[in-house]
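Residue numbers (my numbering), protein chains in the order written: chain S, 17 to 244; chain Y, 68 to 188. A virtual CB, placed ideally from N, CA and C, is assigned to each residue, including glycine. Computed from a prediction, not measured in an experiment: that's the story for all the values here.
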């Protein structure tokens, strides 16, 4: 009984497999046109490849052009950077001239004192330091390259004014008595040499009975002018 | 018998309905497997007619031959030897032999039955 059952199941199963294989194979062969298909595919792929390569070449050209552009822009940028750097430097310099920033550096210190060895009947005025003396020194210092100048610690800027006000001098409204200490930042050798010229400021002032002392300093610090 | 025919029909319809694609290089194996299946089938029919039929031998032969043929072809492709030609040759020859045997057995049976009919008449 069992054997018969098995026989009845197994043979149809074999037939199912056979039928499936035959039909599937037939289908596959019909669909195939196999070699032609693969050739077509190859041709298509080749075409695609050529297309792609063409595109690649164009893109590469574009890339080169863009790279050129970039390098051009970089050059411009570098120039601009240089420009900005110079501008920043200039700004710094102008700020320094305007007294907006703290400055420090080597410099020269000139002290003007009223003359002391005056004769009894002489005019006192001839022995005092007047504002024109201070002017002369300050101008000479600026002319010979001083970057910043201060009188008795008060820094001068582009619109400072100096007025003789009796025994004192008013600088920007602040009164300063003698002696006047004029400090300047700049090359101390140059500044000193320019003051020491024969017939120069030093000689003129000494001739006018003023005690003139020059002192080179390694480090002078000026604070920024507040409210300037 | 009818069940077998019915199974065959089911298989064929299934084969036509199924719609998955196998890579082109594998279709060779499939055709060889089909050939092996045919060979086993006709071998089975011949054995049946000769009263030598054993179901276990038939069923195992059917599947084993399919797998062996496909495997041989696969091996041949990977070794660079056209082993599937051997499979095609062997199965082809045996197919013809089996069909020829079946034909001769059938003719013999037919002539025997005709003689019997004549005797009866």
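Within chain S, no residue has its CB atom less than 9 Å from the CB of residue 116 of chain Y, the nearest being about 16 Å off.
If you check the CB distance, residue 100 of chain Y and residue 133 of chain Y come in under 7 Å. In terms of CA proximity to residue 239 of chain S, S:112 leads the group S:72, S:112, S:38. The alpha helix (DSSP H) runs lying completely inside the stretch 156-214 of chain S and spanning 4 residues or more are 204-211, given in chain order. Per the DSSP secondary-structure output, residue 231 of chain S pairs in a beta bridge with S:125.
Contact note: residue 128 of chain Y does not reach chain S at a C-beta cutoff of 9 Å; the least C-beta distance is about 10 Å. Residue state for residue 236 of chain S is assigned as strand, using DSSP reduced to three classes. The Cβ neighbour count for residue 73 of chain S, taken over all protein chains shown within 10 Å, is under 16; the residue is labelled exposed. Nearest neighbour of residue 98 of chain Y by Cα position, chosen from S:46, S:124, S:133, S:37, turns out to be S:37.
Contact of residue 101 of chain Y with chain S is assigned, a C-beta pair being separated by under 7 Å. Residue 119 of chain S carries a strand assignment under DSSP once its states are collapsed to helix, strand and coil. Taking 9 Å as the upper bound on Cβ-Cβ separation, chain S lies near residues 85, 86, 88, 89, 91, 94, 97, 98 of the stretch 85-99 of chain Y. Comparing C-alpha distances from residue 198 of chain S to each of S:175, S:241, S:151, S:216 shows the shortest one belongs to S:151. Under the 7 Å criterion on CB atoms, residue 131 of chain Y is classed as non-interfacial with respect to chain S.
Runs of alpha helix (DSSP H) with 4 or more residues, each lying fully within the stretch 109-133 of chain Y, are absent. Under the 10 Å beta carbon count, residue 172 of chain S is surrounded by 16 or more other beta carbons and is classified as buried. Counting only residues of its own chain and dropping the five nearest sequence neighbours on each side, residue 218 of chain S has a CB closer than 8 Å to the CB of 211, 212, 228, 230. Residue 102 of chain S is classed as exposed because its beta carbon has fewer than 16 other beta carbons within 10 Å across all chains shown. Ranked by how close their Cα comes to the Cα of residue 147 of chain S, the residues S:44, S:193, S:242, S:45 have S:193 in first place.
Neighbours of residue 29 of chain S in chain Y, taken as residues at a C-beta separation under 9 Å, are given in chain order as 74, 126. At a cut-off of 7 Å between beta carbons, residue 44 of chain S contacts chain Y. The beta carbon of residue 150 of chain Y is closer than 7 Å to those of 139, 140, 142, 143 in its chain, skipping five residues each way along the sequence. Contact between the stretch 169-182 of chain Y and the stretch 105-123 of chain Y is present: 3 or more CB-CB pairs across the two stretches fall below 8 Å. Distance from the CA of residue 128 of chain S to the CA of residue 96 of chain S, rounded to the nearest whole angstrom, comes to 48 Å.
The C-alpha of residue 43 of chain S is placed about 22 Å away from the C-alpha of residue 107 of chain Y. Residue 138 of chain Y sits in a helix when the DSSP states are folded into three classes. At a beta-carbon threshold of 8 Å, none of the residues of chain Y lie near residue 59 of chain S; the nearest stands roughly 16 Å away. Taking residue 143 of chain S as reference, the option from S:236, S:40, S:222, S:41 with the minimal CA-CA separation is S:222. Residue 98 of chain S and residue 109 of chain S have their alpha carbons spaced roughly 16 Å apart. Its chain contains 179 as the residues whose beta carbon lies nearer than 6 Å to that of residue 186 of chain S, once the 5 sequence neighbours on both sides are disregarded; these appear in chain order. Scanning its chain for C-beta atoms nearer than 8 Å, with the 5 sequence neighbours on each side dropped, one finds around residue 170 of chain S the residues 187, 188, 190, 192, in chain order. Among the residues facing chain S, residue 82 of chain Y is included, as its CB has a counterpart in that chain under 7 Å away.
For residue 79 of chain Y, the chain S residues whose C-beta falls within less than 8 Å of its own C-beta are 35, 36, 38, 39, listed in chain order. Between the alpha carbons of residue 233 of chain S and residue 140 of chain S lies a gap of roughly 32 Å.
Closer than 7 Å to the CB of residue 104 of chain Y there is at least one CB belonging to chain S.
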